[in-house]
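Those protein sequence lines, which keep their order, are chains A and B. According to the numbering used here, the stretch in the first sequence is residues 705 to 996, in order. According to the numbering used here, the stretch in the second sequence is residues 705 to 996, in order. Don't be surprised by glycine CBs; every beta carbon is placed ideally from N, CA and C.
There are 2 protein chains.
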Amino acid sequence: MPGPVFGHIPGYPVGSRFENRAALAEAGVHRHRQAGISGSATKGADSIVLSGGYEDDQDLGNLIIYTGYGGRDPATGRQVSDQPFSLWNRALAYSSLNGLPVRVIRGEGHESRYSPSAGYRYEGLYLVDDYWQDRGRAGFLVWRYRLIKLPDQLDQESDQQSGTESIEVPSEAPRRETIVLRNVRDTKQARRIKELYDYRCQMCGIRLEGLPGPYAEAAHIRPLGAPHKGPDTLDNTLCLCPNHHVLFDHSGITIDEDLSLVGVEGRLAVHPRHSINNNHLRYRREHYQANT
Amino acid sequence: MPGPVFGHIPGYPVGSRFENRAALAEAGVHRHRQAGISGSATKGADSIVLSGGYEDDQDLGNLIIYTGYGGRDPATGRQVSDQPFSLWNRALAYSSLNGLPVRVIRGEGHESRYSPSAGYRYEGLYLVDDYWQDRGRAGFLVWRYRLIKLPDQLDQESDQQSGTESIEVPSEAPRRETIVLRNVRDTKQARRIKELYDYRCQMCGIRLEGLPGPYAEAAHIRPLGAPHKGPDTLDNTLCLCPNHHVLFDHSGITIDEDLSLVGVEGRLAVHPRHSINNNHLRYRREHYQANT
């Protein structure tokens with residue numbers, strides 16, 4: 705199976721109906737034909753199907769408490785062992801760490817007033833807000849996930865800004881609502897820079913390791929969007945830990961011409977295959993330097 | 705003048721009209737009777753009025769590029785010196801650093817297709833997404849701000865979660881959209897814990913200093929919201945830097961019974977006036993411990 709594909713699937717807007725799991729898989733909306741979670745432990749989960757499921761699951765519409773995969777007897781459906789933190793359970797946690805959107809599909813077998821009366825319905829994108837372990841009624845550990853609905857009109861290539869991400873929510877025309885997420889999504893470009901540096905901060909060298917894997921943030925030197933119009937290219941991007949990202953965004957740190965850091969000790973580490981554009985660094989200095 | 709009041713003012717929904725600046729001030733929607741920015745350099749700006757303003761300002765509706773205060777000749781309106789990073793300019797930057805919402809009011813004198821034809825109109829809450837310095841046409845430095853509109857129905861006391869914040873956006877009933885902000889707003893409780901620790905991380909002792917002031921995040925030990933239902937009290941809250949907040953949220957760090965840290969070196973620093981509830985710590989350990 706190819707890697708996960710995040711976000712809406714073109715041609716299948718929120719509300720799309722599917723007769724069965726085979727149709728869901730063919731459309732690419734939920735590609736695994738049996739499992740409730742689709743995705744990869746190292747790249748994230750891109751979709752889940754709610755159908756039947758655990759007695760402790762809660763479906764409040766825009767807020768879903770979802771139980772992970774495994775540890776159940778296929779014949780009886782009863783929990784007979786702990787759920788492992790591997791495969792799809794890890795995939796959903798990876799999506800949480802990296803702010804990746806998960807497609808949610810409700811099936812007729814799912815006990816909820818939001819379920820379709822027949823077949824399956826694509827319900828839109830959710831964020832995995834949190835995940836943790838619970839001891840189920842049979843005494844075994846299960847993984848649980850808290851999913852929060854994103855606006856249906858999430859534009860995945862929308863206006864981005866260093867350290868934040870905007871989600872435009874077209875409402876009654878001509879006004880458009882916009883929200884800012886601090887949690888930068890794991891876009892292809894962001895992932896490239898983070899992998900190049902193996903998730904180490906270019907300013908302090910720290911590598912943060914959460915349970916689902918390492919964490920770093922991609923920061924733009926010359927910001928994207930109006931009025932700066934910096935490009936979303938590798939030569940305009942840095943790999944930073946959240947602490948140095950905050951300092952960089954709020955002029956606590958500037959980068960000098962020789963790559964030494966102003967505001968903290970040290971020098972920007974640059975990988976041999978990472979060519980940073982000096983014009984973007986100059987733009988940054990000219991507009992974000994502290995005037996103390 | 706009393707301190708800034710953030711968010712919607714009860715009784716004055718988005719779209720409320722005001723005849724003049726005196727009426728705006730009496731309503732508490734924009735309390736300063738002359739200045740375009742209202743607020744405090746150390747607590748943030750709570751509102752701005754767009755009226756006339758700088759030739760470089762841009763008003764795209766949900767995205768506004770706004771120029772700061774000062775350096776203009778009152779008689780001619782021309783820029784005659786650099787704008788200082790003080791007073792209201794600093795207040796808007798503080799709001800940006802801490803994710804505080806700013807009320808935006810458009811006046812009839814504001815050149816924009818979004819302006820009211822007469823008087824003033826309250827337009828809703830915006831986030832200060834970014835701020836920087838530009839050299840204006842007269843050669844002097846000005847401060848500029850990028851404001852992004854939040855949903856009109858922002859519920860300030862909405863469901864909160866450690867490290868994230870949900871904004872509920874009622875759309876066509878009965879569905880409600882929800883967005884998650886990583887940038888935790890500077891709520892009263894969050895501010896108390898951060899001030900108690902002087903913005904130092906309880907795990908590593910670091911104190912991040914951005915241009916507008918120090919930065920730290922409040923983290924809940926037992927998460928708020930369903931299904932955890934942790935309380936929003938000081939004995940359930942920690943003051944952390946963003947790096948340790950990410951690790952704490954993603955089970956890269958747990959806190960042992962004796963307050964030693966598991967996952968990194970060290971021990972949780974606890975202020976004499978900060979009594980942490982052991983039940984919340986135990987809840988956290990039971991549900992967020994790495995099972996490696």
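Worksheet entry | Cβ-Cβ distance between P918(A) and R926(A) below 8 angstroms | No, the Cβ-Cβ distance between P918(A) and R926(A) is not below 8 angstroms.
Discussion item. Going by C-alpha to C-alpha distance, which of N724(B), L728(B), L767(B) sits closest to I713(B)?
Written reply: In terms of Cα proximity to I713(B), the closest of N724(B), L728(B), L767(B) is L728(B).
Practice prompt. Could you name the residues of the same chain whose beta carbon sits closer than 6 angstroms to that of V968(B), not counting the 5 residues immediately before and after it, in chain order?
Written response: Close CB contacts of V968(B) within its chain, under the 6 angstroms cut and outside five residues either way in sequence, are with I957 (chain order).
Worksheet item: What did DSSP end up calling D953(B) once you bin it into helix, strand or coil?
Response: D953(B) falls in the helix class under three-state DSSP.
Item to complete: Please classify R926(A): does DSSP put it in a helix, a strand, or coil?
Response: Per DSSP, reduced to three states, the secondary structure at R926(A) is coil, with no helix or strand assignment.
Worksheet entry | Three-state secondary structure assigned by DSSP to R807(A) | Reduced to three states, the DSSP call for R807(A) is strand.
Worksheet item: Could you give the distance in angstroms between the alpha-carbon of W792(B) and the alpha-carbon of L831(B)?
Response: Our two residues, W792(B) and L831(B), have alpha carbons roughly 16 angstroms apart in a direct line.
Worksheet entry | Cutoff 8 angstroms: G970(B) Cβ touching any chain A Cβ | Not one beta carbon of chain A lies nearer than 8 angstroms to the beta carbon of G970(B).
Worksheet item: Which runs of the beta strand (DSSP E) fall wholly inside the region 745-793 of chain B and span at least 3 residues, in chain order?
Response: Correct list: 748-754, 767-771.
Worksheet item: Roughly how many angstroms lie between the CA atoms of R721(B) and S821(B), to the nearest whole one?
Response: Computed Cα separation, rounded: 11 angstroms.
Worksheet item: What is the DSSP secondary structure of K898(A), counted as helix, strand or coil?
Response: It is helical.
Worksheet entry | Under 7 angstroms from the C-beta of E815(B): neighbouring residues of chain A | Contact annotation for E815(B) against chain A: no contact, minimum CB-CB distance about 17 angstroms [criterion: below 7 angstroms].
Worksheet item: If the cut is a Cβ gap below 8 angstroms, which residues of chain B does N982(A) touch?
Response: The premise fails here: N982(A) is roughly 19 angstroms from chain B at the closest Cβ pair, so nothing lies under 8 angstroms.
Worksheet entry | Beta carbon proximity, G956(B) to chain A, threshold 8 angstroms | Yes, G956(B) counts as interfacial toward chain A.
Discussion item. At the level of alpha carbons, what is the spacing between Q993(A) and V966(A)?
Written reply: Each residue's Cα considered, the two are about 9 angstroms apart.
Worksheet entry | Contact list for the region 919-932 of chain A against chain B, Cβ threshold 7 angstroms | Taken in chain order, the members of the region 919-932 of chain A whose beta-carbon sits within less than 7 angstroms of a beta-carbon on chain B are Y919, P927, A930, P931.
Item to complete: Given a cut-off of 8 angstroms, decide if L829(B) and V806(B) are closer than it, judged by their beta-carbon atoms.
Response: A Cβ-Cβ contact shorter than 8 angstroms links V806(B) with L829(B).
Worksheet item: What residue from I809(A), N940(A), H948(A) has the CA that sits closest to Y824(A)'s CA?
Response: Of I809(A), N940(A), H948(A), the residue nearest in Cα terms is I809(A).
Worksheet item: Cα separation between P931(B) and Y758(A)?
Response: Between the alpha carbons of P931(B) and Y758(A) lies a gap of roughly 15 angstroms.
Worksheet item: Along chain B, which residues have their Cβ under 9 angstroms away from the Cβ of Q762(A)?
Response: The answer, in chain order, is A930, P931.
Worksheet item: How big is the Cα-Cα spacing for E861(A) and R725(B)?
Response: The pLDDT assigned to E861(A) is 35, lower than 50, so where the model puts this residue is not dependable; a value taken from the coordinates is nonetheless given after this. If you take the alpha carbons of E861(A) and R725(B), they lie about 40 angstroms apart.
Fill in: Same chain, Cβ closer than 8 angstroms to R776(A), five either side skipped, listed in chain order
Around R776(A): R782, Q783, V784.
Worksheet entry | Range covered by the alpha helix (DSSP H) that runs through R977(B) | Taken as a continuous stretch (DSSP letters only), R977(B) belongs to no alpha helix (DSSP H), as it is neither H nor E.
Worksheet item: Got a sec? Which residues, its chain only, sit under 8 angstroms from N766(A) by beta carbon, not counting five neighbours each side?
Response: Answer for N766(A): I852, K853, listed in chain order.
Worksheet item: Taking buried to mean at least 16 other C-beta atoms within 10 Å of its own C-beta, is D750(A) buried or exposed?
Response: Flag for D750(A) reads buried.
Item to complete: For S742(B), write down the residues that DSSP places opposite it in a beta bridge.
Response: In DSSP, S742(B) forms a bridge with S751(B).
Discussion item. Report the CB separation of G756(B) from R848(B) in whole angstroms; it is logged as a contact under 8 angstroms.
Written reply: Contact flag wrong, Cβ pair sits at about 16 angstroms.
Practice prompt. Say whether chain B places a C-beta atom closer than 8 angstroms to the C-beta of P778(A).
Written response: Taking CB atoms only, P778(A) has no neighbour in chain B less than 8 angstroms away.
Worksheet item: For chain A, is any of its Cβ atoms less than 8 angstroms away from the one on W792(B)?
Response: It does not; no Cβ of chain A falls within 8 angstroms.
Worksheet item: DSSP on E913(B), reduced to helix/strand/coil?
Response: Looking at E913(B) - three-state DSSP - the assignment turns out to be strand.
Practice prompt. Closer than 9 angstroms, Cβ to Cβ, to anything on chain B: give me those residues from the region 837-850 of chain A, in chain order.
Written response: Under the 9 angstroms Cβ criterion, the region 837-850 of chain A contributes Q837, D838, R839, L845, R848, R850.
Discussion item. Quick check: what's the CA-CA separation for N982(A) versus E961(A)?
Written reply: The straight-line gap from Cα to Cα measures roughly 8 angstroms.
Fill in: Own chain, CB closer than 8 angstroms to Q762(A), minus 5 neighbours either side, in chain order
Within the same chain, Cβ atoms closer than 8 angstroms to the Cβ of Q762(A) are found at I768, I769, the five residues on either side in sequence being excluded.
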